[in-house]
Every structure is written in C-alpha cells, then in structure tokens.
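If you want my numbering, it's the 1-based position in the sequence shown plus 75.
In this text, a Cβ means the ideal position worked out from N, Cα and C, and glycines have one as well.
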Amino acid sequence: MDSSLLIPAAAGILAMLAVGYLVKDVLSKPRGNDLMIEISDAVQEGAKAFLRREYIYISIFVVVIFAIIAATPFVARGEGIAESLGWQTGLSFIIGAVASSLAGFIGMNIATRANSRTTEAARKGVEDDKNPEGGLKSALSVAISGGAVMGMSVVGIGLLGLVLVILVVDVLSGDAGWGSHPGWINGYAMGASLVALFARSGGGIFTKGADMGADLVGKVEAGIPEDDPRNAATIADNVGDNVGDVAGLGADLMESYIESMIAAMALAVGLNVIAGPSLDGGSGVVTQMQILPLLLAAVGIVASIIGVATVKFMPGKKVQGSLMNGTYVSAALAIVGAFVTTKIVLPEGFSIGSVDNGVQEYGWMGIAGSAVVGIIAGALVGFFSEYYTSTKFNPVKRMAKNCQMGPAITVTDGLAVGMKSCLWPTISLAIAMLVAYNFANFYGIALAALGMLVTTGMIVAVDSYGPIADNAGGCAEMAHLDKGVREITDNLDAVGNTTAAIGKGFAIGSAAFAALALLVAYMASAGISTADLSSPNVMFGLLLGGMMPFFFSALLFDAVSDAAFKMIDEVRRQLRDIPGIMEGKAKPDYAKCVDISTDGAIKGMLLPGGLAIVTPPVIGLVFGGEALAGFLIGALVTGVMLGLMCANSGGAMDNAKKYIEEGKVSDKDGQVQGKGSEAHKAAVIGDTVGDPLKDTVGPSINILIKLMAVISLVLAPMLAS
76 MDSSLLIPAA
86 AGILAMLAVG
96 YLVKDVLSKP
106 RGNDLMIEIS
116 DAVQEGAKAF
126 LRREYIYISI
136 FVVVIFAIIA
146 ATPFVARGEG
156 IAESLGWQTG
166 LSFIIGAVAS
176 SLAGFIGMNI
186 ATRANSRTTE
196 AARKGVEDDK
206 NPEGGLKSAL
216 SVAISGGAVM
226 GMSVVGIGLL
236 GLVLVILVVD
246 VLSGDAGWGS
256 HPGWINGYAM
266 GASLVALFAR
276 SGGGIFTKGA
286 DMGADLVGKV
296 EAGIPEDDPR
306 NAATIADNVG
316 DNVGDVAGLG
326 ADLMESYIES
336 MIAAMALAVG
346 LNVIAGPSLD
356 GGSGVVTQMQ
366 ILPLLLAAVG
376 IVASIIGVAT
386 VKFMPGKKVQ
396 GSLMNGTYVS
406 AALAIVGAFV
416 TTKIVLPEGF
426 SIGSVDNGVQ
436 EYGWMGIAGS
446 AVVGIIAGAL
456 VGFFSEYYTS
466 TKFNPVKRMA
476 KNCQMGPAIT
486 VTDGLAVGMK
496 SCLWPTISLA
506 IAMLVAYNFA
516 NFYGIALAAL
526 GMLVTTGMIV
536 AVDSYGPIAD
546 NAGGCAEMAH
556 LDKGVREITD
566 NLDAVGNTTA
576 AIGKGFAIGS
586 AAFAALALLV
596 AYMASAGIST
606 ADLSSPNVMF
616 GLLLGGMMPF
626 FFSALLFDAV
636 SDAAFKMIDE
646 VRRQLRDIPG
656 IMEGKAKPDY
666 AKCVDISTDG
676 AIKGMLLPGG
686 LAIVTPPVIG
696 LVFGGEALAG
706 FLIGALVTGV
716 MLGLMCANSG
726 GAMDNAKKYI
736 EEGKVSDKDG
746 QVQGKGSEAH
756 KAAVIGDTVG
766 DPLKDTVGPS
776 INILIKLMAV
786 ISLVLAPMLA
796 S
C-alpha cells in the first residue's frame, strides 16, 4: 500500500470499529414486551422489503451504466486532462454504488432495531425513576447509538471505499502510480451519487405517501391520534421514516462527502497545483495536494467519534443541549485538526500553475483557512434553518397563530417562510465561497466543501437519531404504554425535528459547495477556461439547467400524490370493510399499506432518476462542453434556492402543527387551540402539504445537482477532445 494512504485507511477502519461497538451496544439493550417486539419486527420487515426491491432496480441501472462506460474506452491527454471512461472507471463506479448501498443497509438495519429498545429504556425510567438503565438519558443513549451507526458507516465505508479504489487504480496503472489516472477515480463518486439519488427520492416518495395517507384519514377524517394502531398506514409511516431519513440521508451526505474529496483531488491535477516534493518518492505523480483531502477526512472521523462519545457518556440536562454539545466538540476538534494536518503536510505552502496567469503562490494557512470557512458556513446554514423551522423562534410561532385563519393561510405562510429562509444561507454560502477562493483559489473552494462535510459522521448520527426517536414514540403509542413513556419519546422526537431541519439545511449547503467544486473540476478537466454568457451555447445550457430542478421536483410531487392517493383509499377501505378496527377488536392489514408505499416509491423514482442520469451526456455530447457548463450553473443556482425553500417550508409547517399540539396557541378570548381545534386541523393540512416539500423534493434536489455534476466530470475528457 502507498504509505500516503495508511492514515486514511486507519481512520476508516477506526470508524468501522466504532460501528461494531455501537451495534453491540444497541443490540445488548432489551426490546420490551411482546407487543413492542411485534411492532418493531413489522417495521424491520417493511424496511428490508423496500430496500430489497429498491436495490434490485438500482442494480439494473448500475449494470447498464457500467456496460456503457466500459464499452467507451477513451484516452485524452493534455494539460490538465487525464484518462476517463473505460472499464477502469466503470469498476470504480461499481465500487461506489456498492459502498453507498452497504452503508445504507447497515444504518437502516440497526435504526429499525433501536426503536423499541429506545421505548423500553424510557419505560424503565417511568416505572422506576431510580433505575439507572431507564429514563430520558438512557433512551437518548440508545437512540444516538443507533443513529451513530449510520453516521460512522457513512464515513468509514466512504473513506475505505475511496482508498480501495485508489489501490485498484494503482495496480492497474503499473509503474505510473494512481496519481497518473485521476479520471478513473471519478467513477467512484458517480456510483455513490446514483445510489443516493434513488435512495433519497425513493425513500422520500415512500415515507410521504404513507405519512400523508395516515394523517389525512387518521387525524382529519377519523379523528384518531398519530401512530394509533387502528390506522392501517401507521407501520408504513414508521418504515418510511427509516428509508427516507436514515438510509436516504446517509446516502445523500456520503455522496457529498466522497465528491468533495474527489473534486479537490481532480482540481489538484486540473489546475496544476504543486506543493513541494511529491509523496511517491519524487516522480511528481502523487502530490500532497491530492492526498490532503483524505487526511482531512481522517481527522474528521476522529473528531466525529469523540463527538458521539460526548453525547453518550457526558449528556447534559436537556436533549438538544447534549446533541449540540457533541456537534460543537466535533467541529472544534476538526478545526484544530485541519490546521495541524495542513501545517505538517504543507510546511511551505503551494503554488498553482496557470497558462494565462502565470504562477500563483499560496501559504499553507490558506488551505486550513478554506476548510475552516467551510465548517463555519455549514454551521451558519444549519443555524438559519433552525431559526426558520424551530418552535423556539418567531417564524413558526407566528405561523401557528395564523393557523386559526384556515389552511389556505397556513400553506401561504409556510411557503413565505421557506422563501425568506433562502436569504441568509445563500449570503453565507456566497461569502464563504469568495473567502475560500481568495485563500486558495478554486482548490480552496473544494477544501471548503470538504470542511463543511468533515464531521459528517457526527452530523448524520444526530440526524439519524430523529427517526429512531419518532419510531420509539410510535411504538409507545401502539403498545398502549404509560403516558409518561410517550412524554419521554416526544421530548426526544421534538428535538429530532429540529436536528432534522438543521441536517437538511446542512445537506443543501454542502450540496451547493460540492456541486460548485465538481463544476470547477469539470471545467478544468474539459479545458474550459470560462463559461462565457455571450455564447449562445452557454445561455442555452443555462436556461435548461435552471428549468431542470423544477421539472424534476414536479415528477416527485406527482409520484408522492399517486402513492398518497392509493394509501388514502386503502386506509378508508380497511376502516369501512374490516369490522372492529375502530373498537380495537381487529387489526388492520399493515402489510398491504407497506406494499402500496413500496410499489409507489419504486415506480415513482425511475423517471426522475433516469432523467438526471441521461440529461448531462445528451447536452454535452450534442451541444458541447460549454453548453454543459452553462447547464450545471443553471441547475446549481435554481436547485439550491428551491431545495432550501422546500426543506424549510415543510419544516416550518410541521413544527407549527406540533406547537399547536403542545397547547401553546390561544384565540383572542384566551381559549387554548390544541388537538382537534380548527387551528389544529388547518395545521395538519399544512403539514401534509409540507411533508413532500421537506422530505422528498428538497433533499432529492441536493443529489440531483451533485449527480449531474459528477457525471459531467466523468465525461469531461471526452468533451475536451
């Protein structure tokens, strides 16, 4: 093994050892009574059934795309251009797809096993408040362990997979070394992107079709509580939380994580970045600038492990405080680690050779500063997402109060909040981009993207904790446990809604940076110096790219509506045709609803997914590399805005409903407007509109813009010729 890969490989192994410890920790906890075990098993089986069918369809796409790549051997040599396509790129593409699928399977498998165990930990505390194995802190510990399995799997498998690809390329390259064939490595990012798109969009369609059916029939028509066992869509709703917000989120951020590293490595070649002697003994093939992203990722893994340990072993008095403490600890350690690592690797700085601008010199602190800028920008985007979606702040409080005026005002307010929420995150990202560029050119932008994602392990752990807490509440409700148990799980779940909103904002911000870095890497590899707006080809691509996120979103909305329509019809049928359901004397057919959601998700994800894959090659090969550059710019600009708006609109509408349910809204006469009130019914409708916005469309747009950019990067040498 190349000695420069030892530290990244060791960090990846460390992450997987942490996964093993966390899995053992979760599985060692008791599952609860027989009814709780039955509920948990039903969720597990539903999730496995969906993943099995989804992965079958994904594998078909993987095989077809591999065949196309392998059948297109192409070599282009020149300044900043290296080999691409061919079976070598296809092999790394397959490894990327397998890595993303494996991480999703491991994470969701444990998340669905952690739900009843979290409920049981809460139940022990209610029954015996002196029991050290029960209560809020114990339930939090189980939930964060379950979420951290997903987080550590993402970074561990993601980094180890990239090291494996580099080693494979090293063997295939012979004496030249892996640094001579950077284009072959790009396929790894493309494989991870493909799986992420289907996991996020398919999971989003599944969860929202089930959730909308459960809410509209259960809450609004039948007047029964959320997660009531009499609602046939309840199990499907709980399954959806896992396939969308655990497996889907993990695949999303794993994709960004991998792509930010590969974009920086590609730019180290495309921009002719030089930093002293090479790392392979002086041949000038593998430089510090190519290996530095892997070392920073290794630092982030260590920081994330310590962050998770902080939450588990040093919890604060409040759940959100505990989760935020772990996040802050990991971010602080990552900042320190970025400076130390960069100083060791680049003691004398680096230079960028350019035909037009001569040689530009940069100090080592520019790299460290770029990574830190990314970390800070990620934190700011997360904070602004929290501000516009949390019940602690005015936007949601105002929305909840206005729900008394009916569902039309609720939806209008929700959309307005989402549009307003684009302002400050966009300003933060734009300033961060300028600062990172001034610190270290376009290579600095790529490192800022990686900096934003360097603590992905901790971020995914905190976000994946949310669905586990939500499922734990559903388990408590369906198992008819003491109200005190539901209070504990609701406490965990309320914080989970906020962390989910932060996670979605973070995912969109990181997607913007990763896509920008990939865009620059594409242009450098394709030999395109500028995207000239006076060129009709560029303008043609710009307009088409700006349209793409909207059309893609419309296809996803259609898929969710179709799935929800079938779910509503089925829940109504069961309430009407199966005697004794409302009296609690008969069980609904949960499996039928899971099957409806699975079928709707699989069918609904194929067209938008295929469109995202096919469009970049068609535009690039028919209209040229400049048109494709314009297309990527247009998709990036509108995609980021639409993603932010959808995620935060939906999050605000969801939490406005929860604010009303907590009894914190009163009418002008002082009457509390709680569950069952007209304000609550309006909020439920608003939440139903917001669900596909925040859990299907918004997150899927992140992957759309990244997937199209990485496909373009793989195609770049062909277009350059």
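Between the segment 270-286 and the segment 527-540, do three or more beta carbon pairs fall short of 8 Å?
Two segments are said to touch when three or more pairs of C-beta atoms, one from each, lie closer than 8 Å; by this definition the segment 270-286 does not touch the segment 527-540.
In chain order, what residues of the same chain lie with their CB nearer than 7 Å to the CB of Gly236, ignoring the 5 residues before and after it?
Counting from 1 along the sequence shown, the entry for residue 236 is found at position 161. Spatial neighbours of Gly236 in its own chain (CB-CB distance under 7 Å, excluding positions within 5 residues in sequence) are listed in chain order as Ile170, Gly171, Ala174 and Tyr263.
Can you tell me whether Asn822 is buried or exposed, with buried defined as 16 or more other CB within 10 angstroms of its CB?
The first residue shown for the chain is 76 and the last is 796, placing residue 822 beyond what the model contains.
Reducing DSSP to helix, strand and coil, say where Ser465 ends up.
Residue mapping note: residue 465 aligns to position 390 of the sequence shown, counting from 1. Coil at Ser465, not helix or strand.
Given a threshold of 16 other Cβ atoms within 10 Å of its Cβ, counted over all protein chains shown, does His755 qualify as buried or as exposed?
Here residue 755 corresponds to residue number 680 of the sequence shown, with the count starting at 1. His755 is buried by the Cβ-count criterion.
Is it true that the CB of Ala554 sits closer than 9 Å to the CB of Gly107?
Taking the first residue of the sequence shown as 1, we reach residue 107 at position 32. Taking the first residue of the sequence shown as 1, we reach residue 554 at position 479. Yes, they are a contact pair.
Would you tell me roughly how many angstroms separate the C-alpha atoms of Val404 and Thr466, rounded to the nearest one?
Taking the first residue of the sequence shown as 1, we reach residue 404 at position 329. Taking the first residue of the sequence shown as 1, we reach residue 466 at position 391. So the two alpha carbons sit approximately 25 Å from each other.
Verify whether the separation of the beta carbon atoms of Phe517 and Leu369 is less than 9 Å.
For the purposes of this step, residue 517 is identified with residue 442 of the sequence shown, where counting begins at 1. For the purposes of this step, residue 369 is identified with residue 294 of the sequence shown, where counting begins at 1. No, the Cβ-Cβ distance between Phe517 and Leu369 is not below 9 Å.
Do the CB positions of Val321 and Met225 come within less than 9 Å of each other?
Counting from 1 along the sequence shown, the entry for residue 321 is found at position 246. Counting from 1 along the sequence shown, the entry for residue 225 is found at position 150. Their beta carbons are under 9 Å apart, which means Val321 touches Met225 by this criterion.
Rounded to a whole number of angstroms, what is the C-alpha to C-alpha distance between Ile144 and Val138?
Your numbering for residue 144 matches position 69 in the sequence shown. Your numbering for residue 138 matches position 63 in the sequence shown. Cα to Cα, the separation comes out at about 10 Å.
Leaving aside the five residues before and after Val510 along the sequence, list all residues of the same chain whose C-beta is less than 6 Å from its C-beta, in chain order.
Here residue 510 refers to the residue found at position 435 of the sequence shown. Excluding residues within five positions, the ones whose Cβ falls inside 6 Å are Val448.
On the criterion of 16 or more Cβ atoms from any shown chain inside 10 Å, does Pro792 qualify as buried, or is it exposed?
For the purposes of this step, residue 792 is taken as the residue at position 717 of the sequence shown. It is buried - the Cβ of Pro792 has at least 16 other Cβ atoms within 10 Å.
So is Lys393 buried or exposed if we call it buried at 16+ other beta carbons inside 10 Å?
Looking up residue 393 in the sequence shown gives position 318. So Lys393 ends up on the exposed side.
Quick check on the DSSP output: the alpha helix (DSSP H) that includes Asn513 runs from which residue to which?
Numbered from 1 along the sequence shown, position 438 holds the residue referred to as residue 513. Here the alpha helix (DSSP H) through Asn513 covers Leu498 to Leu528.
Would you mind sorting Met389 into buried or exposed? The rule is 16 or more other CB atoms within 10 Å of its CB.
Numbered from its first residue, the sequence shown carries residue 389 at position 314. Flag for Met389 reads exposed.
Of the choices Leu591, Leu608, Val747 and Thr385, whose alpha-carbon is the least far from that of Cys478?
Numbered from its first residue, the sequence shown carries residue 478 at position 403. Ranking the options by Cα distance to Cys478, first place goes to Val747.
Tell me whether Val740 sits in a helix, a strand or coil according to DSSP, three-state version.
As a working note, residue 740 is residue 665 in the sequence shown. Three-state DSSP puts Val740 in coil, outside helix and strand.
Please identify the residue among Thr194, Pro500 and Pro422 whose C-alpha is closest to the C-alpha of Ser460.
For the purposes of this step, residue 460 is identified with residue 385 of the sequence shown, where counting begins at 1. Looking at Thr194, Pro500 and Pro422, the one whose alpha-carbon comes closest to that of Ser460 is Pro500.
Rank Ala524, Ala704, Val669 and Gly315 by C-alpha distance to the C-alpha of Ala372 and give the top, closest one.
Translated into the one-based positions of the sequence shown, residue 372 becomes position 297. Per the Cα distances, Ala524.
Would you please state the rounded distance, in angstroms, between the beta carbons of Ala687 and Ile694? I believe it to be under 8 Å.
Mapped onto the sequence shown, residue 687 falls at position 612. Mapped onto the sequence shown, residue 694 falls at position 619. With a Cβ gap of about 12 Å, Ala687 and Ile694 do not count as contacting.
Tell me, to the nearest whole angstrom, how far the beta carbon of Thr309 is from that of Ala547; I am working on the premise that it is less than 8 Å.
Looking up residue 309 in the sequence shown gives position 234. Looking up residue 547 in the sequence shown gives position 472. That pair is no contact at about 14 Å.
Taking the alpha-carbon of Leu490 as reference, which of Lys472, Cys721, Ala507 and Asn513 has the nearest alpha-carbon?
Position 415 of the sequence shown, counting from 1, holds the residue named residue 490. Nearest option by C-alpha distance: Cys721.
Only counting the same chain, and skipping five residues up and downstream in sequence, which positions put a Cβ closer than 7 Å to that of Ile603?
Position 528 of the sequence shown, counted from the start, is the residue given in the question as residue 603. So the list reads Gly700, Glu701 and Ala704, once near-sequence residues are dropped.
Tell me which same chain residues have a C-beta within less than 7 Å of the C-beta of Leu291, skipping the five on either side of it?
Residue 291 sits at position 216 when you count from the first residue of the sequence shown. For Leu291, where only same-chain residues beyond five positions count, the Cβ hits under 7 Å are Ile643 and Thr763.
Give the single residue among Leu619, Ser216, Leu80 and Pro83 whose Cα lies nearest to the Cα of Leu398.
Counting from 1 along the sequence shown, the entry for residue 398 is found at position 323. Closest by alpha carbon: Ser216.
Within a Cβ cutoff of 6 Å, which residues of the same chain sit near Gly357, ignoring the five residues on either side of it in sequence?
Against the sequence shown, residue 357 aligns to sequence position 282. In this predicted model, Gly357 has a pLDDT of only 41, less than 50, meaning its place in the structure is not dependable enough to derive any value.
What residues match up with Gln395 in a beta bridge as DSSP calls it?
As a first step, residue 395 is located in the sequence shown; it is residue number 320 there, counting from the start. DSSP output for Gln395 lists no bridge partner at all.
So what does DSSP say about Ser426, is it helix, strand or coil?
On the sequence shown, residue 426 is found 351 positions in, with the first residue counted as 1. Three-state result, Ser426: strand.
Would you tell me roughly how many angstroms separate the C-alpha atoms of Pro611 and Leu696, rounded to the nearest one?
As a working note, residue 611 is residue 536 in the sequence shown. As a working note, residue 696 is residue 621 in the sequence shown. Approximately 16 Å, taken between the alpha carbons.
Using alpha carbons as the reference points, say which of Thr531, Thr605, Val383 and Val243 lies closest to Ile333.
Here residue 333 corresponds to residue number 258 of the sequence shown, with the count starting at 1. Here the closest residue by C-alpha is Thr531.
How about the segment 416-426 and the segment 588-600: do they share at least three Cβ pairs that are nearer than 8 Å?
no
Taking the continuous alpha helix (DSSP H) assigned at Cys668, which residues delimit it?
Reading the sequence shown from its first residue, position 593 is the one you call residue 668. From DSSP, the alpha helix (DSSP H) with Cys668 extends over Tyr665 to Phe698.
Counting only runs of 4+ residues fully inside the segment 250-304, write out the alpha helix (DSSP H) ranges in chain order.
257-288
Counting C-beta neighbours from all protein chains within 10 Å, is the total for Gly620 16 or more, i.e. buried, or is it exposed?
Taking the sequence shown and counting its residues from 1, the one referred to as residue 620 is at position 545. The residue in question, Gly620, is buried, as its Cβ has 16 or more Cβ neighbours within 10 Å.
Rank Ile708, Thr713, Ala666 and Val785 by C-alpha distance to the C-alpha of Val123 and give the top, closest one.
Reading the sequence shown from its first residue, position 48 is the one you call residue 123. Reading off the sequence shown, one finds Lys at residue 123, where the question assumed Val. Ranking Ile708, Thr713, Ala666 and Val785 by Cα distance to Lys123 puts Ala666 first.
DSSP three-state label for Gln435, please.
To locate residue 435, count along the sequence shown from 1; it is residue 360. Of the three classes helix, strand and coil, the one that applies to Gln435 here is strand, per DSSP.
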